[in-house]
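Worksheet for the structure shown next.
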Amino acid sequence: MDSNDGILEFWENQRFWGLTWGAPLLPFDWPAWSDSQGNAVQLARPPEREGERSWFIVRTLGTDEEGWRYSTVFSKLNIPRPGGRASKRSSDYVRSRVWRKLVAETLTQPPVS
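Those letters in the sequence shown? Residues 5 to 117, by the working numbering.
This is the structure:
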(Lines of atoms letter the chains of each structure in order from A and count residues from 1; the text may use other names and numbers.)
(Lines give C-alpha, C1' and ligand atoms only; values in the text may rest on other atoms or scores of the structure.)
Protein backbone atom coordinates (compact mmCIF):
# COMPACT_ATOMS: atom_id res chain seq x y z
CA MET A 1 0.00 0.00 0.00
CA ASP A 2 1.26 3.45 -0.83
CA SER A 3 -0.18 6.24 1.28
CA ASN A 4 0.45 9.95 0.73
CA ASP A 5 -1.65 12.81 2.06
CA GLY A 6 -4.87 10.86 2.48
CA ILE A 7 -4.48 8.73 -0.67
CA LEU A 8 -4.27 4.93 -0.69
CA GLU A 9 -3.00 3.16 -3.80
CA PHE A 10 -2.85 -0.52 -4.70
CA TRP A 11 -1.62 -2.11 -7.92
CA GLU A 12 -3.66 -4.87 -9.56
CA ASN A 13 -1.38 -7.18 -11.54
CA GLN A 14 -2.26 -9.84 -14.11
CA ARG A 15 -0.55 -12.26 -16.50
CA PHE A 16 -1.78 -13.23 -19.98
CA TRP A 17 -2.35 -16.99 -20.26
CA GLY A 18 -2.90 -17.25 -24.02
CA LEU A 19 -6.64 -16.61 -24.14
CA THR A 20 -7.37 -14.60 -21.02
CA TRP A 21 -5.81 -12.50 -18.28
CA GLY A 22 -5.54 -13.94 -14.78
CA ALA A 23 -3.64 -13.96 -11.52
CA PRO A 24 0.15 -13.93 -11.84
CA LEU A 25 1.57 -17.32 -10.83
CA LEU A 26 5.17 -17.44 -11.99
CA PRO A 27 7.86 -17.23 -9.26
CA PHE A 28 9.19 -13.87 -10.50
CA ASP A 29 5.74 -12.28 -11.02
CA TRP A 30 4.38 -9.56 -8.81
CA PRO A 31 1.45 -10.74 -6.67
CA ALA A 32 -2.14 -10.09 -7.76
CA TRP A 33 -2.24 -7.05 -5.42
CA SER A 34 0.88 -5.06 -4.60
CA ASP A 35 2.36 -1.69 -3.74
CA SER A 36 4.22 0.35 -6.36
CA GLN A 37 7.38 -1.74 -5.87
CA GLY A 38 5.67 -5.11 -6.36
CA ASN A 39 5.53 -6.03 -2.67
CA ALA A 40 2.48 -8.07 -1.71
CA VAL A 41 -0.35 -6.34 0.14
CA GLN A 42 -3.16 -8.01 2.02
CA LEU A 43 -6.64 -6.73 1.24
CA ALA A 44 -9.76 -7.53 3.21
CA ARG A 45 -11.50 -7.52 -0.16
CA PRO A 46 -10.50 -6.29 -3.62
CA PRO A 47 -11.28 -2.60 -4.34
CA GLU A 48 -13.88 -3.42 -7.00
CA ARG A 49 -15.99 -5.10 -4.32
CA GLU A 50 -16.07 -2.01 -2.10
CA GLY A 51 -18.09 -0.01 -4.59
CA GLU A 52 -17.39 2.64 -7.16
CA ARG A 53 -17.56 5.47 -4.63
CA SER A 54 -14.67 4.23 -2.49
CA TRP A 55 -12.05 3.25 -5.06
CA PHE A 56 -11.35 4.34 -8.61
CA ILE A 57 -8.99 3.18 -11.33
CA VAL A 58 -6.33 5.70 -12.32
CA ARG A 59 -6.56 6.40 -16.06
CA THR A 60 -3.98 8.54 -17.84
CA LEU A 61 -2.59 9.02 -21.34
CA GLY A 62 -0.14 6.24 -20.42
CA THR A 63 -2.89 3.64 -19.84
CA ASP A 64 -5.62 2.02 -21.88
CA GLU A 65 -9.33 2.82 -21.29
CA GLU A 66 -9.43 0.46 -18.29
CA GLY A 67 -6.26 1.87 -16.71
CA TRP A 68 -3.92 -0.98 -17.70
CA ARG A 69 -0.25 -0.64 -18.66
CA TYR A 70 1.42 -3.56 -20.49
CA SER A 71 4.90 -5.09 -20.47
CA THR A 72 6.91 -8.24 -21.04
CA VAL A 73 7.65 -8.44 -17.28
CA PHE A 74 6.42 -6.46 -14.28
CA SER A 75 9.83 -4.95 -13.51
CA LYS A 76 9.77 -3.07 -16.84
CA LEU A 77 6.38 -1.39 -16.42
CA ASN A 78 7.94 1.94 -15.39
CA ILE A 79 10.58 1.94 -18.12
CA PRO A 80 9.50 4.10 -21.09
CA ARG A 81 9.29 2.42 -24.49
CA PRO A 82 8.56 3.76 -27.97
CA GLY A 83 4.80 3.97 -28.41
CA GLY A 84 4.18 3.77 -24.66
CA ARG A 85 2.61 1.04 -22.53
CA ALA A 86 -1.09 1.78 -23.06
CA SER A 87 -1.51 -0.90 -25.76
CA LYS A 88 -0.80 -4.62 -25.54
CA ARG A 89 1.85 -5.88 -27.93
CA SER A 90 2.23 -9.52 -28.96
CA SER A 91 5.30 -9.76 -26.69
CA ASP A 92 3.46 -8.39 -23.62
CA TYR A 93 2.40 -10.99 -21.08
CA VAL A 94 1.77 -8.85 -17.98
CA ARG A 95 -0.32 -5.82 -17.15
CA SER A 96 -0.86 -3.61 -14.12
CA ARG A 97 -3.21 -0.82 -13.08
CA VAL A 98 -3.54 1.47 -10.09
CA TRP A 99 -6.56 1.62 -7.80
CA ARG A 100 -6.79 4.79 -5.70
CA LYS A 101 -8.89 5.75 -2.71
CA LEU A 102 -9.13 9.17 -1.11
CA VAL A 103 -9.15 8.79 2.66
CA ALA A 104 -10.69 11.38 4.96
CA GLU A 105 -8.20 12.83 7.38
CA THR A 106 -8.69 11.81 10.99
CA LEU A 107 -8.72 14.34 13.80
CA THR A 108 -5.52 14.38 15.82
CA GLN A 109 -7.05 16.54 18.56
CA PRO A 110 -10.46 16.30 20.16
CA PRO A 111 -13.02 18.82 18.88
CA VAL A 112 -13.37 22.05 20.84
CA SER A 113 -16.69 22.30 22.68
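Glycine residues also receive a C-beta, built at the ideal position from the N, C-alpha and C atoms.
Nearest Cα to THR67 within the set SER91, PRO50, SER58, PRO51: SER91. Bridge pairing for SER75: VAL98 [DSSP].
Membership of TRP59 in the beta strand (DSSP E) is indicated by the continuous run 59-61.
In the three-state reduction of the DSSP assignment, LYS105 falls in the strand class, which pools E and B. Rounded to whole angstroms, the separation of the alpha carbons of PRO86 and PRO51 is 32 Å.
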